[in-house]
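K.L.:
The structure that follows is given in the form of structure tokens.
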Amino acid sequence: MSRLAKKVALLSRSYSAAAAPPPPPRPSSSSGRWLSHHPVVEPARPDAEIGRRRYSSAGYHVSPSSSMKGAVFRDPARPLSLELLQIPRPEPGEVLIRTKACGVCHSDLHVLKGELPFASPCVVGHEITGEVVDHHPLSDPKIVRRFPVGSTVVGAFIMPCGSCFHCSKGHDDLCEDFFAYNRAQGTLYDGKTRLFLHGSGEPVYMYSMGGMAEYCVVPANALAVLPGSLPYSESAILGCAVFTAYGAMTHAAEVRAGDSIAVIGVGGVGSSCLQIAKAFGASDIIAVDVSDEKLEKAKNFGATHTVNAIKEDAIEKIKTITGGVGVDIAVEALGKPQTFLQCVQSVKDGGKAVMIGLAKSGAVGEVDINRLVRRKVNI
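If you count by this note's numbering, then the sequence shown holds residues 624 to 1002, one letter each, in order.
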């Protein structure tokens, strides 16, 4: 069982136990989802496969002439445009997914604002849930059995190759191919994108799987079966915000019962950190943000105290709450230089500062070196 599958299974049990009424059955229609799921089908055109590898249609369930809608990003000065793309074709080891829900992560916004350099035109979106539609005819039968056509899945934003040095050591978050190909080139691990404009065949690059489209191709290593107790829309966040928070709280923070914790920035990732800290038995759970609305919601996610960093000195308030010593663990989930420093200054001597917020390209965080060294603060 993959690490993502284990996390989804754990969260499924937690969801089922905590939910008051059971979730409603998944609707068969696409109303209320990010995109409608009725591909526009047009006659095949001679140039429809420009730049693509040609396949026999044997073994595929989707016509190569079919098209889909996708939100294409071209330039920060231009809005996303809803365009027709060819329905992508998976290579061996990859799975074609009909997207049911796709969240918008802050890292997507970094790309859309031009704050993170990325190939364009591209489709962003890496918080997806969906339904398995197809496999390559030469895919490993084990993959086909694990993700049969019609099964529901959740995708992980880091799509590990499974075979590089870091993946072989269990550090799939450092996957060499993911960063060398997907993040650096906007492709999958053969150096090719799976997305092309319908008609012209112009390549469109992929930020992770390019989930803001009606279909997407995802390496099987980045998928887990979605339990029936979890609805599509609420589950999309599992493969990114919850995935990141769970890994940080389990492996980096190593939260133990009774730990005091401050989470700086309570968006999707930070809110997930609050919930996981509560589940692990943390005592004082302090939410820090500049939005009163987010801080109010943070109480529902497990925060025992809230601090508005505009109205109060966050570091001093955290020390007041903890009897003057600081927290055992501080988590920075925003990616700002000032919150990076706040995180380090908020922990007690010998405490842990956990950094998981993604910053703008080139951002630098300052650190009080003497405090870091003399007071044994772990980052």
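Ideal placement from N, C-alpha and C gives every residue a C-beta, glycine not left out.
Which of the three DSSP states, helix, strand or coil, is assigned to Lys971?
P.N.:
strand
K.L.:
Pairs of beta-carbons, one from the stretch 902 to 921 and one from the stretch 989 to 1000, closer than 8 Å: are there three or more?
P.N.:
The stretch 902 to 921 is not in contact with the stretch 989 to 1000.
K.L.:
Across which residues does DSSP place Gly753 in a beta bridge pair?
P.N.:
Thr722 and Val776
K.L.:
Name, in chain order, the residues that DSSP records as bridge partners for Gly693.
P.N.:
Answer is Glu706 and Ala836, bridged to Gly693.
K.L.:
Output yes or no for whether 9 Å exceeds the beta carbon distance between Lys920 and Ser894.
P.N.:
yes
K.L.:
Which residue wins for smallest C-alpha separation from Val996, given the options Lys971, Ile979, Tyr838 and Ala900?
P.N.:
Lys971
K.L.:
Could you tell me the alpha carbon to alpha carbon distance between Arg701 and Gly778, rounded to whole angstroms?
P.N.:
28 Å
K.L.:
When the Cβ atoms of the stretch 945 to 963 are set against those of the stretch 879 to 898, are three or more pairs found closer than 8 Å?
P.N.:
yes
K.L.:
Exposed or buried, which one is His661 when buried takes at least 16 other CB atoms within 10 Å?
P.N.:
Since pLDDT at His661 reaches only 31, below the 50 mark, its modelled position is unreliable, and the value read off the structure follows with that caveat. With fewer than 16 Cβ atoms within 10 Å of its Cβ, His661 is classed as exposed.
K.L.:
With a Cβ-Cβ cutoff of 9 Å, do Val747 and Asp731 count as a contact?
P.N.:
Taking 9 Å as the Cβ cut-off, Val747 and Asp731 qualify as a contacting pair.
K.L.:
Which same chain residues end up closer than 7 Å to Pro783 when comparing Cβ atoms and leaving out the 5 residues on each side of it in sequence?
P.N.:
Cys790, Asp795, Cys798, Phe801, Asn844 and Ala845
K.L.:
Look at the alpha carbon of Trp736 and the alpha carbon of Asp951, and state the distance between them as a whole number of angstroms.
P.N.:
One point to set straight first is that residue 736 is Lys, not Trp, in the sequence displayed. Going from the Cα of Lys736 to the Cα of Asp951 covers about 35 Å.
K.L.:
I need the straight-line Cα distance from Pro648 to Leu853, nearest angstrom please.
P.N.:
Confidence is the limiting factor: at Pro648 the pLDDT is only 41, short of 50, which leaves the residue's position unreliable, though a coordinate-based value still follows. Using only the alpha carbons, I get a separation of about 10 Å.
K.L.:
What residue does the beta strand (DSSP E) around Thr929 start on, and which one ends it?
P.N.:
Thr929: member of the beta strand (DSSP E) spanning His928 to Asn931, first to last residue.
K.L.:
Around the Cβ of Glu857, are there at least 16 other Cβ atoms within 10 angstroms (buried) or fewer (exposed)?
P.N.:
exposed
K.L.:
What does DSSP give as the partner residue(s) for Asn1001 in the beta ladder?
P.N.:
Lys975
K.L.:
Taking its Cβ as the centre, do 16 or more other Cβ atoms sit within 10 Å of His874, making it buried, or is it exposed?
P.N.:
exposed
K.L.:
Taking the beta strand (DSSP E) that Leu897 belongs to, which residues open and close that run?
P.N.:
Premise fails: Leu897 lies in the alpha helix (DSSP H), Gly891 to Ala902, not in any beta strand (DSSP E).
K.L.:
With a threshold of 9 Å between beta-carbons, can Lys917 be considered close to chain D, or not?
P.N.:
Structure shown: chain D not included; a single protein chain is present.
K.L.:
Quick one: what's got a C-beta closer than 7 Å to Ser831's C-beta in the same chain, skipping five residues either side?
P.N.:
Excluding sequence neighbours, Ser831 sits near His749, Phe780, Met782 and Asn805.
K.L.:
Assign Phe788 to buried or exposed, taking buried as 16 or more other Cβ atoms, counted over all protein chains shown, within 10 Å of its Cβ.
P.N.:
exposed
K.L.:
Taking Cys966 as the reference, which of Asp936, Ser984 and Gly946 has the closest Cα?
P.N.:
In this structure, Asp936 is the residue among Asp936, Ser984 and Gly946 with its C-alpha nearest to the C-alpha of Cys966.
K.L.:
Drop a sphere of 10 angstroms on the beta-carbon of Leu918, count the other beta-carbons inside from all chains shown, and report buried for 16 or more, exposed for fewer.
P.N.:
buried
K.L.:
When DSSP builds the beta bridges, which residues end up paired with Phe866?
P.N.:
Its beta-bridge partners do not exist; DSSP assigns none.
K.L.:
Start and end of the beta strand (DSSP E) containing Val950?
P.N.:
Start and end: Val950 to Glu955.
K.L.:
In whole angstroms, what separates the C-alpha of Leu581 from that of Pro711?
P.N.:
No information on residue 581 is available, as it lies outside the stretch 624 to 1002 that the chain covers here.
K.L.:
Taking 9 Å as the threshold (C-beta atoms), are Ile751 and Gly726 in contact?
P.N.:
When the beta-carbon positions are compared, Gly726 and Ile751 come within less than 9 Å of each other.
K.L.:
Could you give the distance in angstroms between the alpha-carbon of Ser823 and the alpha-carbon of Leu707?
P.N.:
10 Å
K.L.:
Determine the DSSP secondary structure at Phe741, reduced to helix, strand or coil.
P.N.:
coil
K.L.:
Return the chain-ordered list of same chain residues with a C-beta closer than 8 Å to the C-beta of Asp670, the five sequence neighbours on each side being excluded.
P.N.:
A caution first: Asp670 carries a pLDDT of 35, below 50, which makes its placement in the model unreliable, though a value can still be read off. Annotation for Asp670: Gly822, Ser823 and Gly824 place their beta carbon closer than 8 Å to its own, counting only its chain and skipping 5 residues before and after.
K.L.:
If you run the structure through DSSP and keep just helix, strand and coil, what is Ala937?
P.N.:
helix
K.L.:
Whole angstroms is fine: what's the gap from Gly809's alpha carbon to Gly904's?
P.N.:
40 Å
K.L.:
Which residues share a DSSP beta bridge with Met829?
P.N.:
Val746
K.L.:
Would you kindly work out how many angstroms separate the C-alpha atoms of Leu739 and Ala803, rounded to a whole number?
P.N.:
15 Å
K.L.:
From the DSSP output, which residues share a beta bridge with Glu717?
P.N.:
Pro842
K.L.:
Could you say which of Ala864, Gly949 and Met978 lies nearest to Gln968 if we only look at CA atoms?
P.N.:
Gly949
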